[in-house]
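Novice: Just so you know, the sequences run in chain order A and B.
Note that the first sequence covers residues 1 to 586 in the UniProt record's numbering.
Note that the second sequence covers residues 1 to 586 in the UniProt record's numbering.
Note that beta-carbon positions come from the ideal geometry of N, C-alpha and C, so glycine has one too.
There are 2 protein chains.
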Amino acid sequence: MAYDATKLKDFEIAEQAEKNMPLPYEWQEKLGLQKDEVIPYGRICKLDFMKIIDRLKDKPDGKFIEVTAITPTPLGEGKTTTSMGLVEGLGKRGMNVGAAIRQPSGGPTMNIKGTAAGGGNALAIPMTEFSLGLTGDLNDIMNAHNLAMVALTARMQHERNYDDAELAKRNLRRLDVDPTRVEMGWIIDFCAQAMRNIIIGIGGRMDGFMMKSKFGIAVSSEIMAILAVAHDLKDMRERIGKIIVGYDKKGKPVTTSDLEVAGAMTAFMRNAINPTLMSTAEYQPVLVHAGPFANIAIGQSSIIADRIGLKMFDYHVTESGFAADIGFEKFWNVKCRFSGHVPNVSVLTATIRALKMHGGGPKVVAGRPLPEEYVKENVGLVEKGCENLVHHINTIRKAGINPVVCINSFHTDTKDEIAAVRRAAEAAGARCAMSEHWLKGGDGALELADAVIDACKDEVNFKFLYPLEMPLRQRVDAIAREVYGADGVSWTAEAEAKAKAFEENPEYKDFATMMVKTHLSLSHDPALKGVPKGWTLPVRDVLIFAGAKFLCPMTGSISLMPGTSSDPAYRRIDVDTETGKVLGLF
Amino acid sequence: MAYDATKLKDFEIAEQAEKNMPLPYEWQEKLGLQKDEVIPYGRICKLDFMKIIDRLKDKPDGKFIEVTAITPTPLGEGKTTTSMGLVEGLGKRGMNVGAAIRQPSGGPTMNIKGTAAGGGNALAIPMTEFSLGLTGDLNDIMNAHNLAMVALTARMQHERNYDDAELAKRNLRRLDVDPTRVEMGWIIDFCAQAMRNIIIGIGGRMDGFMMKSKFGIAVSSEIMAILAVAHDLKDMRERIGKIIVGYDKKGKPVTTSDLEVAGAMTAFMRNAINPTLMSTAEYQPVLVHAGPFANIAIGQSSIIADRIGLKMFDYHVTESGFAADIGFEKFWNVKCRFSGHVPNVSVLTATIRALKMHGGGPKVVAGRPLPEEYVKENVGLVEKGCENLVHHINTIRKAGINPVVCINSFHTDTKDEIAAVRRAAEAAGARCAMSEHWLKGGDGALELADAVIDACKDEVNFKFLYPLEMPLRQRVDAIAREVYGADGVSWTAEAEAKAKAFEENPEYKDFATMMVKTHLSLSHDPALKGVPKGWTLPVRDVLIFAGAKFLCPMTGSISLMPGTSSDPAYRRIDVDTETGKVLGLF
Numbered sequence: 001m002a003y004d005a006t007k008l009k010d011f012e013i014a015e016q017a018e019k020n021m022p023l024p025y026e027w028q029e030k031l032g033l034q035k036d037e038v039i040p041y042g043r044i045c046k047l048d049f050m051k052i053i054d055r056l057k058d059k060p061d062g063k064f065i066e067v068t069a070i071t072p073t074p075l076g077e078g079k080t081t082t083s084m085g086l087v088e089g090l091g092k093r094g095m096n097v098g099a100a101i102r103q104p105s106g107g108p109t110m111n112i113k114g115t116a117a118g119g120g121n122a123l124a125i126p127m128t129e130f131s132l133g134l135t136g137d138l139n140d141i142m143n144a145h146n147l148a149m150v151a152l153t154a155r156m157q158h159e160r161n162y163d164d165a166e167l168a169k170r171n172l173r174r175l176d177v178d179p180t181r182v183e184m185g186w187i188i189d190f191c192a193q194a195m196r197n198i199i200i201g202i203g204g205r206m207d208g209f210m211m212k213s214k215f216g217i218a219v220s221s222e223i224m225a226i227l228a229v230a231h232d233l234k235d236m237r238e239r240i241g242k243i244i245v246g247y248d249k250k251g252k253p254v255t256t257s258d259l260e261v262a263g264a265m266t267a268f269m270r271n272a273i274n275p276t277l278m279s280t281a282e283y284q285p286v287l288v289h290a291g292p293f294a295n296i297a298i299g300q301s302s303i304i305a306d307r308i309g310l311k312m313f314d315y316h317v318t319e320s321g322f323a324a325d326i327g328f329e330k331f332w333n334v335k336c337r338f339s340g341h342v343p344n345v346s347v348l349t350a351t352i353r354a355l356k357m358h359g360g361g362p363k364v365v366a367g368r369p370l371p372e373e374y375v376k377e378n379v380g381l382v383e384k385g386c387e388n389l390v391h392h393i394n395t396i397r398k399a400g401i402n403p404v405v406c407i408n409s410f411h412t413d414t415k416d417e418i419a420a421v422r423r424a425a426e427a428a429g430a431r432c433a434m435s436e437h438w439l440k441g442g443d444g445a446l447e448l449a450d451a452v453i454d455a456c457k458d459e460v461n462f463k464f465l466y467p468l469e470m471p472l473r474q475r476v477d478a479i480a481r482e483v484y485g486a487d488g489v490s491w492t493a494e495a496e497a498k499a500k501a502f503e504e505n506p507e508y509k510d511f512a513t514m515m516v517k518t519h520l521s522l523s524h525d526p527a528l529k530g531v532p533k534g535w536t537l538p539v540r541d542v543l544i545f546a547g548a549k550f551l552c553p554m555t556g557s558i559s560l561m562p563g564t565s566s567d568p569a570y571r572r573i574d575v576d577t578e579t580g581k582v583l584g585l586f
Numbered sequence: 001m002a003y004d005a006t007k008l009k010d011f012e013i014a015e016q017a018e019k020n021m022p023l024p025y026e027w028q029e030k031l032g033l034q035k036d037e038v039i040p041y042g043r044i045c046k047l048d049f050m051k052i053i054d055r056l057k058d059k060p061d062g063k064f065i066e067v068t069a070i071t072p073t074p075l076g077e078g079k080t081t082t083s084m085g086l087v088e089g090l091g092k093r094g095m096n097v098g099a100a101i102r103q104p105s106g107g108p109t110m111n112i113k114g115t116a117a118g119g120g121n122a123l124a125i126p127m128t129e130f131s132l133g134l135t136g137d138l139n140d141i142m143n144a145h146n147l148a149m150v151a152l153t154a155r156m157q158h159e160r161n162y163d164d165a166e167l168a169k170r171n172l173r174r175l176d177v178d179p180t181r182v183e184m185g186w187i188i189d190f191c192a193q194a195m196r197n198i199i200i201g202i203g204g205r206m207d208g209f210m211m212k213s214k215f216g217i218a219v220s221s222e223i224m225a226i227l228a229v230a231h232d233l234k235d236m237r238e239r240i241g242k243i244i245v246g247y248d249k250k251g252k253p254v255t256t257s258d259l260e261v262a263g264a265m266t267a268f269m270r271n272a273i274n275p276t277l278m279s280t281a282e283y284q285p286v287l288v289h290a291g292p293f294a295n296i297a298i299g300q301s302s303i304i305a306d307r308i309g310l311k312m313f314d315y316h317v318t319e320s321g322f323a324a325d326i327g328f329e330k331f332w333n334v335k336c337r338f339s340g341h342v343p344n345v346s347v348l349t350a351t352i353r354a355l356k357m358h359g360g361g362p363k364v365v366a367g368r369p370l371p372e373e374y375v376k377e378n379v380g381l382v383e384k385g386c387e388n389l390v391h392h393i394n395t396i397r398k399a400g401i402n403p404v405v406c407i408n409s410f411h412t413d414t415k416d417e418i419a420a421v422r423r424a425a426e427a428a429g430a431r432c433a434m435s436e437h438w439l440k441g442g443d444g445a446l447e448l449a450d451a452v453i454d455a456c457k458d459e460v461n462f463k464f465l466y467p468l469e470m471p472l473r474q475r476v477d478a479i480a481r482e483v484y485g486a487d488g489v490s491w492t493a494e495a496e497a498k499a500k501a502f503e504e505n506p507e508y509k510d511f512a513t514m515m516v517k518t519h520l521s522l523s524h525d526p527a528l529k530g531v532p533k534g535w536t537l538p539v540r541d542v543l544i545f546a547g548a549k550f551l552c553p554m555t556g557s558i559s560l561m562p563g564t565s566s567d568p569a570y571r572r573i574d575v576d577t578e579t580g581k582v583l584g585l586f
């Protein structure tokens, strides 16, 4: 029944599979939903999560399965492919299963050929809509976020132009924002390096307020973080009102509530709060909610999607961003702490390709052909690279979870290479399954599905890496040593001063620690593969997301605004004007 | 059957009416559409215009009715209210009727309390969705537009950093954009005066290209202009590829096609090309497509919406922006020229309030109570103000159309005031109808409906103000004298040099002339009411929209980016977190 993934491109498989994708009313019947719980958007739909939660509140939660990965090559190691394959495999075993994944960002879609929809027979469909904005959540985030900046900059202009008496006529008090301490920037959903550092408000007295400003990519927005961690609309409204846009001249935080803009921001998020329903290529339900980029954002599918997924499905698969050192660490210490959900098992995705890179294989560059080491057997490189895999297994075990290692197989993998991974994984105490979902769909993922079903019977003794009482700098030290394998942490004077101030403020005691670090290495340096030794994690700044309740240590040189390359993907994208079909996306 | 508009607020009437608004599948039956021609977006839907046009291509067009207005007060004179009232009135007369209106912009919605959905019993519903993004067309425009700027700025960075050999490796030729001649800016759908003049690209060699830049409001985007005038997807694709982003160092235009980004931009517009279907409060169909702001944009509902409206309805009402000197003038000389559609009649909306202002009444300021002159009888002010009305009647007659003046009545209007308007309109040769659609819905608009039905029997001898062969500066002179009543036109040296260069280039011979001028006066000065005499129109710049095929003379000091006031509407907007309802929008 599977499509021939060795001959067909992903988008060709998707096109075939999409022909029979359930329509909104068919999902409604298939999932036993009420009519008004399904909100159609063309051929896809959103689910009214408040109605579903309310109806199913007494139903016990299903099994909770997280999917993460080893440190990837720049090509990605198929975390979404594995999530989709696992769902398809559990489906073949007759289970009531579904998943929650993250929505891709327009930045990478327009910059790097490809998608975040999985691949081969383990795809999320419809692929074009998934890659190009879906039901508009990212646009809603952009509008909500940028409205706060409109409010801030207009207010600074008016406060400069008017005296207190004039302000009082409009029922405004002077906020007195310090223009050198504006923390928030604007967002756009593209890789726009030219907007990283800008000066705004040039002109006369009616042209805003002149100051430095910045753009980040949309997924790095605090509103995206809030969408990922909010419990419901009430919680989202409260969090949006606590976003710190900057500080006044006495050092006191100025928030979106001070700007009286938090209600209007929430109005723009009224539809985005509902997860979108998509499908695997074998027609199991896939919830899409919140965004990617665990390196610079939380990069988790949302707590709201997990809340309804755990009620609707007996096995609910949720995807964390990037490698286990950041994606799983945030799932573990941030998302699970906020949600109260306890996972039954984690699936750690690995590919032979990435293990060879960690073993010392040549550099892998997106868009260039793979060096020979990656397409011919080389057991030695794989064996050496397994130290990265074992490091991540040990990290997950620190949470009290024994992971299932999934070898996401590729047709160039050899028996001996796969056997080497199995040996290493099992020696580290983990289950291991080779999975051919890319080639065979659910039928290829039965070993993985069985390993997960079996692992879900284990007792989980879930524990966080650090208690909330631990001060920020100690927490970062714990994450650096225990998860990344660093010898310690070094702080710039500015970052340390900020960290100290945050530690001393009782309001921030229960804030999560949300690391900003490259996913391409366990360290802060993307060039260091395997398990880097004898290094110190440099922290150069600490951001505060007071609405999301995050303190975000910024490590290395990673930026909240990626750049567009000299050979970007948009060059090859077009529309067939007869059919309306988008070409060249994948 | 009408709601009590003197007691209920617009949003309360809308809430009642929305309870029985047809659902997508009900519209499908009601309008005799095929199942796959209706694309639901929650409770509302888009219509697949290509399928509908194709199915109905042999059906003759219905009657084509344009709605415009006299020079308005800053409060607006109810052009959309009159469009909705007229549709409801024609509906009461048993006609198969529908309308095409423009989608509001987030800028005014967040800045000035109110909506562009009409009012009283002459409303477009659902109002909240209409006011907050509808089916995402403005977001699509924003993404398509800003992607071009991402491509431009990234390319400028890479061309600075790489030599020709490095560029050739990526199959790129040097475009050599002149950073002092970048014409295109970024867009955002808010009034963000702080973004009018900015400097971007500050930082190192991977942080873009340092230069001046700017943001305009989304509706002023050339992509919005293209959406308004495109004939179909093929035409849209071609136009998007011709957008001039700037000039190279030899003065040659650099386009989106040169940046290889036009296909990807079109991909973001694939859904926006389909009009959205809304409803009057009496459940006639209302197509919503393209944007407002005839002062700084084309400000017309789209040609695509008219194309399907004229096929689907026997009477198709289309709305032009703002006052007849700009909204009607652009409908007449730009939109009808591009579409080939010939209108049967124009409806010229007037209110007693606006006529009094033109007669010398005190200043009207949004958000402040109306001065006494506007709420008590004052026939003298009305009579004097009618010179503005008569001026617009004469303009419309120059197109070969005899307009129907609609007095959009308000409960404070008196019999003698209305009689004064009738006398003036009829003396100028126009039909005149007093209409109470605000109070009574369709039942209040029967006189207007009958006048329009009658006028549609007139023979129309439609003629343009100027032939396409007329050079740009002569055209502007003709518009200034014949439509605005100016004594002539003055050009800055820069504007004249640009105009001359455009005139000499044979590629721009058939481009439309798209004036940028305030709507608050016949002149360029918003303070001058009535019919200003003895003045000259100052042109300070000429923009080129080579994809839309517009040359845009910029008059007076009007900006493409409005400002957010010191008491903006977002202060009063919030969300009811129990029900998800948006509060305080209206």
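(1) Only counting runs of 3 or more residues, tell me where the beta strand (DSSP E) segments fall wholly within the region 536–578 of chain B, in order along the chain.
(2) Between Ile243(B) and chain A, is there a C-beta pair that is closer than 7 Å?
(3) Within its chain, find whatever has a CB closer than 8 Å to the CB of Phe462(A); leave out the 5 residues flanking it on each side and keep chain order.
(4) Are there three or more Cβ pairs, one per stretch, closer than 8 Å when the region 513–530 of chain A is compared with the region 552–568 of chain A?
(5) So, at 8 Å on beta carbons, what are the nonlocal neighbours of Leu147(A) in its own chain, with the 5 sequence-adjacent residues on each side left out?
(6) Report the rounded CA-to-CA distance for Phe49(B) versus Lys35(B), giving the unit in angstroms.
(7) Can you check whether the CB of Thr180(B) is closer than 7 Å to the CB of Val582(B)?
(8) The alpha helix (DSSP H) with Trp27(B) in it runs from where to where?
(9) DSSP beta-bridge partners for Asp248(B)?
(10) When you compare each of Ile308(A), Val288(A), Tyr374(A) to Ala116(A) by their alpha carbons, which one comes out closest?
(11) Name the chain B residues that come within less than 7 Å of His158(A), Cβ to Cβ?
(12) Using 8 Å as the cut-off, can you tell me whether the region 93–100 of chain B makes contact with the region 374–388 of chain B, which would need three or more C-beta pairs spanning the two stretches below that distance?
(13) If you measure beta-carbon to beta-carbon, which residues of the region 29–58 of chain A are closer than 7 Å to chain B?
(14) Tell me which residues share the same chain as Met184(A) and place their Cβ nearer than 6 Å to its Cβ, disregarding the 5 neighbours each side in the sequence.
(15) CB Ile223(B) to CB Ile141(B), shorter than 7 Å?
(16) Quick check for students: name the residue ranges of the beta strand (DSSP E) that lie wholly in the region 10–89 of chain A, counting only runs of 3 or more.
(17) So which residues on chain A does Asn344(B) lean against when the C-beta distance must stay under 7 Å?
(18) Tell me, please, which residues DSSP counts as bridged to Thr318(B).
(19) Roughly how far, in whole angstroms, is the beta-carbon of Ile65(A) from the beta-carbon of Lys311(A), given that I think they are within contact range, below 8 Å?
(20) Can you tell me the Cα-Cα spacing of Glu372(A) and Met84(A), whole angstroms?
(21) At a CB-CB cut-off below 7 Å, which residues of chain B make contact with Asn139(A)?
(22) Determine the chain B residues that contact Phe209(A) at a beta-carbon separation under 9 Å, and present them in chain order.
(23) What does the alpha-carbon distance come out to for the pair Val405(B) and Ser435(B)?
(24) Give a yes or no on whether the C-beta atoms belonging to Gly547(B) and Ile240(B) are separated by under 7 Å.
(25) Determine whether the beta carbon atoms of Asp10(B) and Phe586(B) lie at a separation below 7 Å.
(26) On the criterion of 16 or more Cβ atoms from any shown chain inside 10 Å, does His411(B) qualify as buried, or is it exposed?
Specialist: In brief:
(1) Runs of the beta strand (DSSP E) spanning 3 or more residues and lying entirely within the region 536–578 of chain B occur at 536–545, 550–555, in chain order.
(2) Start at 1 with the first residue of the second sequence, and residue 243(B) comes out as number 243. No, no contact with chain A.
(3) As a working mapping, residue 462(A) is identified with position 462 in the first sequence. The residues are Cys336, Val342, Pro343, Ala399, Gly400, Ile401.
(4) yes
(5) As a first step, residue 147(A) must be located in the first sequence, where it is residue number 147. Cβ neighbours of Leu147(A) beyond the five flanking positions: Val261, Ala264, Met265, Phe268.
(6) Mapped onto the second sequence, residue 49(B) falls at position 49. Mapped onto the second sequence, residue 35(B) falls at position 35. Computed Cα separation, rounded: 13 Å.
(7) Along the second sequence, one-based indexing puts residue 582(B) at 582. Along the second sequence, one-based indexing puts residue 180(B) at 180. Result no, Cβ atoms of Val582(B) and Thr180(B) do not sit closer than 7 Å.
(8) Stepping through the second sequence from its first residue, residue 27(B) is reached at position 27. 24–30 is the extent of the alpha helix (DSSP H) around Trp27(B).
(9) Along the second sequence, one-based indexing puts residue 248(B) at 248. Val177(B), per the DSSP bridge assignment.
(10) Along the first sequence, read from residue 1 onward, the residue named residue 116(A) stands at position 116. Of the candidates Ile308(A), Val288(A), Tyr374(A), the one whose C-alpha sits nearest the C-alpha of Ala116(A) is Val288(A).
(11) Taking the first sequence and counting its residues from 1, one reaches residue 158(A) at position 158. Result: Ser566.
(12) no
(13) Ile39, Pro40, Tyr41, Gly42
(14) Residue mapping note: residue 184(A) aligns to position 184 of the first sequence, counting from 1. If we look at Met184(A) and ignore the five residues flanking it on each side, its Cβ neighbours are Val245.
(15) Translated into positions along the second sequence, residue 223(B) becomes position 223. Translated into positions along the second sequence, residue 141(B) becomes position 141. Yes; because the gap between Cβ atoms is below 7 Å, this pair is in contact.
(16) 38–41, 44–47, 63–69
(17) Against the second sequence, residue 344(B) aligns to sequence position 344. None at all; the shortest Cβ gap to chain A is about 32 Å.
(18) If you number the second sequence from 1, residue 318(B) lands on position 318. The partner list for Thr318(B) (beta bridge, DSSP) reads Glu66(B), Ala100(B).
(19) Within the first sequence, residue 65(A) is the residue found at index 65, counting from 1. Within the first sequence, residue 311(A) is the residue found at index 311, counting from 1. The C-beta separation of Ile65(A) from Lys311(A) comes to about 15 Å, leaving the pair out of contact by the 8 Å criterion.
(20) For the purposes of this step, residue 372(A) is taken as the residue at position 372 of the first sequence. For the purposes of this step, residue 84(A) is taken as the residue at position 84 of the first sequence. Each residue's alpha carbon lies about 29 Å from the other.
(21) Translated into the one-based positions of the first sequence, residue 139(A) becomes position 139. Here the neighbours are Gly136, Asn139.
(22) What you label residue 209(A) is simply residue 209 of the first sequence in a count that begins at 1. Correct list: Ala194.
(23) Taking the first residue of the second sequence as 1, we reach residue 405(B) at position 405. Taking the first residue of the second sequence as 1, we reach residue 435(B) at position 435. So the alpha carbons of these two residues sit roughly 10 Å apart.
(24) On the second sequence, residue 547(B) is found 547 positions in, with the first residue counted as 1. On the second sequence, residue 240(B) is found 240 positions in, with the first residue counted as 1. Taking 7 Å as the Cβ cut-off, Gly547(B) and Ile240(B) qualify as a contacting pair.
(25) Numbered from 1 along the second sequence, position 10 holds the residue referred to as residue 10(B). Numbered from 1 along the second sequence, position 586 holds the residue referred to as residue 586(B). Contact flag set, yes.
(26) To locate residue 411(B), count along the second sequence from 1; it is residue 411. Burial call: exposed.
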